[in-house]
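In order, the protein sequences belong to chains Z and X.
Each residue of the first sequence is one higher than the one before, starting from 27 at the first, in the numbering used here.
Each residue of the second sequence is one higher than the one before, starting from 9 at the first, in the numbering used here.
Ideal Cβ placement from N, Cα and C applies to all residues, glycine included.
Because the structure is a prediction, the values reported are computed rather than measured.
Okay, structure first, notes after.
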Amino acid sequence: MAITALNQEPELKQYTLSILVRNHAGVLSHVAGLFTRRGYNIESISAGITERSDITRITIVVTGDHKILEQVLKQCQKLVDVIKIASLKYNESVTRELAIISVNARHENRSKIIEIADVFSANIVDMAEDAIILEVVGNARRINSIIQLLSPFGIEDIARTGVVALAYRSQIPPIN
Amino acid sequence: MRKTGAEIVVELLQHYGVDLVFGYPGGTIMPVYDALYHSGLRHILARHEQGACHAADGYARATGKTGVVIATSGPGATNLVTGLATAYMDSVPLIAITGQVPTFAIGTDSFQEADIYGITIPITKYNYLVKDVAKLAETFAEAFYIARTGRPGPVLIDIPKDVQLASTEYAPVAQADIPLLKYTPEPQYEFDAQLDELVLLLRAAKRPVLFVGGGAVISNASVGIHRLARKLSLPVTNTLIANGVFPSQDPLSLGMAGMHGTRYANEAIFASDLLIAAGARFDDRVTGKIAEFAQRAKIVHIDIDPAEVGKVVPVDLSIIGNLKDVLDGLLAKLEAVDFEPQTKWLGQIKEWKEKYPLTYTQSASIIKPQCVIQTISELTQGEAIITTGVGQHQMWASLYCDHRHPKHFITSGGLGTMGFCVPSGIGAQLGCPDKLVVTITGDGSFQMNLQELATAAYYNIPVKIVILNNGYLGMVRQWQEMFFERRYSETHLEDGNPDFVMVAKGFGLEAFRVTRPEEVRPTLAMAFALPGPVVIDCRVEKEENVWPMIPTGGTVKDTIEH
Ligand SMILES: Cc1ncc(C[n+]2csc(CCOP(=O)(O)OP(=O)(O)O)c2C)c(N)n1
């Protein structure tokens, strides 16, 4: 029962797309614009140059249904600047995001917050009389959990980078 | 040799074989106009940038070459928007060159600054803002390559004034030197196996239909379509912009399909068991209700653009490639195969043609718009290039013209741009000086871009402009009649219309008015024989409707005949 529930395809799914593009000033507008125009919601987008300064990797997390995804991938592939595009499977890729969280930390709560930070290997990067700023790295689930645990103390601000991802190189044989 | 950016632009245009450009000058593009001055490159001064853009489009559609339009920054550039979107929707190769404020002023809301790069991202195949004069050669190499190849489309190059004035060593860039371009105009998919599959489908089909679209015009696939239809006795239907790919008088022709298509084309698609779409993109004006479109048929989709496959309708077999090559491959495979014509199916189609012919009520006292179009077609024997505006007259031109050749019916299909008529006629005429070009338009469409009459008069471009003047925004009025209980909200033009004959004469054109059916033929014949541009104002039946019609989202069963 539990297993079938996990395998069930929900109507709307999140996809992590990794797109290599020619690096120039307007390329992000070209790519991002395509997604919004074709009715796809961008959850996060991040971009940075690769080992070659003339190539940028854009990582986009989108939600939508599978049929539209196929169409958007084809449209995206067609963009003149796109060199390569891949839809990364969650269990076949390293997926990371960084969040900086500013949380209220009155004296009596400090140790509790530090304890949570420890569990998540989050760095404390700033500490004031009544506030702490943490930095945490992980997949979306990990970041969402620390946010959830910290919210009772009162989160003042969050900055998230959006997901970056790469497909695994190693191959693990299936367990039988 | 050192040259300025502006000189390089002009040299590059000549390098890529451009012999004619359309445009309109202004502050930030003045260096380019200065470089044009002694260049010998022919420039046609339109009277509005939209007119220039549609003219470049008409030129491109009539000749198969790449059209070029030049405009200044800000309002000049934004005036190109409708023209670019029109070309983009119908996959027309254009290069638009715009001036931009100097690089140091970009982003300061400086005089006549508009982010035309940002504005045109969704309506161009690709676009550029060139900030370095040394990049011009490379940019133009890419731009022409992208505009012309694969599924063609408009490409915009925005050039700040200081870049036009800066100088650099100049040498044109060979195509192969374009760095990093992964753009593949014609994905080299193998389609041999798919062709075998298609042969099997064709052999099994009892009710096959060939459905051709604009891709067939672009890839010059007319001959292949012809041979395929002949070999298999395949009935052929077409989209609006594919008129002429297959001769409309051929017994196998079903004419245009869709909302205002022929009943027999729509019946055939509905009943078919194999629909082969060749360079068509299943626009909603063709499909109507998607769920019931060709619902009994296996659908085969041949297209150069992989993103078109499965976009609107699920397909059973797709073949990605240049239609001409695909057809050549298919015909080679079919050579050894004997096909019996599907006589029962052809009989059924004949029956539909007899049962549902295209008809209208003739009149001895009032000019019928359909009759004007038939007369034009008879007088020109299907050899004229026809351009149109958008509306009822466009549909009648599509339905009642004798379409004999591809690239002879030039119309804004995808965007449906009123005002395309006159400037596209001018462009087509400049591209094909030996052809008779007839622009068929409505009184509404004519008044959008009628300033281009000055262009036609000044350069003596002998386009013949026939206005089917019904005093209404006819197509909208027809919908109001049918779906809004005859509330003719803001569609009555007659009282505000100027005297088109006087207007045309004011611009320096010959002009005639026809009000009686018996005047139509002699006036048109006389006008077509004149050496210069002419406007003919035909006062036609005011509330004539376009039939047949399948209302939005309907199927052939919902066809309204009259
Ligand atoms: C630029 C533009 N504006 C509005 C429309 C909507 N529209 C479609 S057909 C039509 C009426 C066209 O009237 P006219 O050119 O007189 O042609 P008719 O239908 O009377 O033959 C209108 C307003 C359009 N297609 N294009």
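Taking 7 Å as the cut-off, the C-beta of T425 of chain X counts as close to a heavy atom of ligand 1.
Taking 8 Å as the cut-off, the Cβ atoms of I150 of chain Z and A157 of chain Z do not count as close. H92 of chain Z has a beta carbon lying at 8 Å or more from every beta carbon in chain X.
Around the C-beta of Q172 of chain X, 16 or more other C-beta atoms lie within 10 Å, and the residue is accordingly described as buried.
Around L137 of chain X, the beta-carbon contacts reaching into chain Z at under 8 Å are A51, G52. Pairing K472 of chain X with T447 of chain X gives a Cβ-Cβ distance under 8 Å.
Every alpha helix (DSSP H) of 4 residues or more that sits fully in the stretch 231-290 of chain X is shown, in chain order, as 271-279. Residue state for R168 of chain Z is assigned as helix, using DSSP reduced to three classes. Taking a contact to require three or more Cβ pairs closer than 8 Å, the stretch 379-387 of chain X and the stretch 286-303 of chain X do not qualify as touching. Of X:G161, X:Q183, X:I475, X:F492, the smallest CA-CA separation from T94 of chain X is found for X:G161. For I154 of chain X, the residues of chain Z that pass the 8 Å Cβ criterion are V106, in the order they occur in the chain.
Excluding residues up to 5 positions away in sequence, A14, V17, V18, I78, I105, G107, I167, Q172 lie with their Cβ nearer than 8 Å to the Cβ of V40 of chain X in the same chain. Contacts between A315 of chain X and chain Z, judged by CB atoms closer than 8 Å, involve Q97, K100, Q101, Q103, K104 in chain order.
In this chain, K169 of chain X is not harboured by any beta strand (DSSP E); it is covered by the alpha helix (DSSP H) spanning 169-173.
Scanning chain X for C-beta atoms nearer than 7 Å to the C-beta of G164 of chain Z yields nothing, as the closest lies near 33 Å away. A direct Cα-Cα distance of roughly 11 Å separates T71 of chain X from A64 of chain X. When the beta-carbon positions are compared, Q486 of chain X and R494 of chain X stay at least 8 Å from each other. Within the stretch 309-339 of chain X, no alpha helix (DSSP H) run of at least 4 residues lies entirely inside it. Taking T523 of chain X as the centre and dropping the five residues before and after it, the same chain places the C-beta of R547 closer than 6 Å to its C-beta, in chain order. Relative to I328 of chain X, the option among X:G318, X:P322, X:D313 whose CA is nearest is X:D313.
The CB of S55 of chain Z comes closer than 7 Å to the CB of G126, I129 in chain X, given here in chain order. The beta carbon of H411 of chain X sits no closer than 7 Å to any heavy atom of ligand 1. Counted as a single uninterrupted DSSP element, the stretch harbouring A344 of chain X is not any beta strand (DSSP E), since DSSP gives it neither H nor E. Straight-line spacing of the CA atoms in Y24 of chain X and S241 of chain X works out to 42 Å.
What Y24 of chain X touches in chain Z, judged by beta-carbon distance under 9 Å, is nothing: the nearest beta carbon there is about 18 Å away.
In this structure, the straight-line span from the alpha carbon of L458 of chain X to that of A465 of chain X is close to 12 Å. Leaving aside the five residues that flank Q350 of chain X on each side, the residues in its chain whose CB is nearer than 8 Å to its CB run, in chain order, A213, K214, R215, P216, S241.
Counting the other CB atoms within 10 Å of its CB gives K565 of chain X a total below 16, which places it among the exposed residues. Three or more pairs of CB atoms, one per stretch, sit closer than 8 Å, so the stretch 359-368 of chain X contacts the stretch 269-280 of chain X.
Not flagged as an interface residue toward chain X: G65 of chain Z, since no C-beta distance is shorter than 8 Å. If you check the C-beta of L481 of chain X against ligand 1, you find a heavy atom less than 7 Å away.
Distance from F30 of chain X to A54 of chain X at the Cβ level is roughly 6 Å; contact confirmed, criterion being Cβ atoms closer than 8 Å. Across the set Z:V190, Z:A191, Z:L192, Z:I173, the C-alpha of Z:I173 shows the shortest separation from the C-alpha of D183 of chain Z.
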